[in-house]
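Those sequence lines, one after another, are chains A and B. Under the working numbering, think of the first position of the first sequence as 1, with each following residue one higher. Under the working numbering, think of the first position of the second sequence as 116, with each following residue one higher. Here's the structure we're looking at; comments come further down.
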Amino acid sequence: DQQVKQNSPSLSVQEGRISILNCDYTNSMFDYFLWYKKYPAEGPTFLISISSIKDKNEDGRFTVFLNKSAKHLSLHIVPSQPGDSAVYFCAASSHGSGNTGKLIFGQGTTLQVKP
Amino acid sequence: EAGVAQSPRYKIIEKRQSVAFWCNPISGHATLYWYQQILGQGPKLLIQFQNNGVVDDSQLPKDRFSAERLKGVDSTLKIQPAKLEDSAVYLCASSPRTGGGNTIYFGEGSWLTVV
């Protein structure tokens with residue numbers, strides 16, 4: 001059972017435009033969401049996170065939006081740069097009693113930003 | 116601050132052989148994770164330690180995989196005997212604590228090819 005889904009395996013955008021990466025989840029107990037970026041031959045690096053008490057979190061060019069009713073989150077990158085080309089993973093965890101805080105990952109979306 | 120260190124970076128072995136991976140987490144981080152990432156998929160948790168105790172090993176194939184974190188710092192993950200489907204990146208990660216709302220930091224990964 002895939003609790004976190006990234007339905008778009010790949011996305012291609014032009015430099016300077018907006019990149020929008022989407023993620024859906026099924027477990028209503030998830031209350032903390034993260035985005036990781038992964039370059040080839042490297043481990044995932046933390047990008048941005050959001051708690052379920054918020055619907056938006058912004059950090060520079062990166063903004064994450066959370067729609068709890070739709071169980072959907074998205075990552076917006078504006079403006080996109082060629083260096084943003086990487087695989088982006090969405091991840092989720094639960095805060096509740098007894099939860100270990102382990103992250104459940106989506107399958108990833110490969111973003112290509114063309115110069 | 117030094118990140119999560121892993122070795123070896125790359126390993127090629129024949130099926131039925133054994134292999135061991137080593138991890139040194141970020142200094143002071145109590146929680147250590149081993150994730151498996153198969154090409155085209157998101158990372159999947161194999162085992163989670165809090166100090167030197169196991170918090171979650173529900174997805175660890177215990178007939179062939181073992182892991183330990185003696186003294187609550189370094190950790191080793193062993194596969195014996197290896198199968199072709201074990202070809203993956205083995206990612207070690209750490210976080211300051213266990214529980215929700217936690218950001219996990221990854222090492223660069225150990226790439227295993229089983230032939």
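Even glycine gets a Cβ: it sits at the ideal position worked out from N, Cα and C.
{"Query": "The beta strand (DSSP E) enclosing S52/A, as first and last residue numbers", "Result": "No beta strand (DSSP E) contains S52/A, which DSSP labels as neither H nor E."}
{"Query": "Rounded straight-line distance, which links the Cα of S12/A to that of G108/A", "Result": "14 Å"}
{"Query": "Contacting residues, own chain, Cβ-Cβ under 7 Å from Y125/B (five flanking each side not counted)", "Result": "W226"}
{"Query": "Given M29/A as reference, the closest of V4/A, K37/A, P40/A, I48/A once Cα atoms are compared", "Result": "V4/A"}
{"Query": "Partner residues on chain B for S49/A, Cβ-Cβ distance less than 7 Å", "Result": "T218"}
{"Query": "Terminal residues of the beta strand (DSSP E) in which K114/A lies", "Result": "109-114"}
{"Query": "Chain B contact for E58/A (CB, 7 Å cutoff)", "Result": "no"}
{"Query": "Beta bridge counterpart(s) of S181/B as assigned by DSSP", "Result": "K193/B"}
{"Query": "7 Å Cβ cut-off: residues of chain A touching G224/B", "Result": "G43"}
{"Query": "Interface partners of D189/B on chain A, CB under 7 Å", "Result": "Correct list: empty, because the minimum Cβ distance to chain A is about 17 Å."}
{"Query": "Boundaries (first-last residue) of the beta strand (DSSP E) holding K126/B", "Result": "125-128"}
{"Query": "Reduced DSSP secondary structure (H/G/I, E/B, other) of D172/B", "Result": "coil"}
{"Query": "For E15/A, three-class secondary structure by DSSP", "Result": "coil"}
{"Query": "Beta-carbon proximity check, Q151/B vs Y205/B, cutoff 7 Å", "Result": "yes"}
{"Query": "Residues that DSSP places opposite K37/A in a beta bridge", "Result": "T45/A, Y88/A"}
{"Query": "Beta-carbon neighbours of L206/B, restricted to chain A and to distances below 9 Å", "Result": "G43, P44"}
{"Query": "Chain A contact for Q241/B (CB, 7 Å cutoff)", "Result": "Nothing about residue 241/B can be reported from this structure: the residues present for chain B run from 116 to 230 only."}
{"Query": "Neighbourhood of D201/B by C-beta distance below 7 Å, restricted to the same chain and skipping five residues each side", "Result": "I194, L227, V229"}
{"Query": "D189/B to S69/A span [Cα, whole Å]", "Result": "41 Å"}
{"Query": "Selected residue, minimal CA-CA separation from I18/A, among S94/A, T63/A, I77/A, G101/A", "Result": "I77/A"}
{"Query": "Beta-carbon gap between S94/A and L111/A smaller than 7 Å", "Result": "no"}
{"Query": "Contacting residues, own chain, Cβ-Cβ under 8 Å from D172/B (five flanking each side not counted)", "Result": "L161, I162, Q163, A182"}
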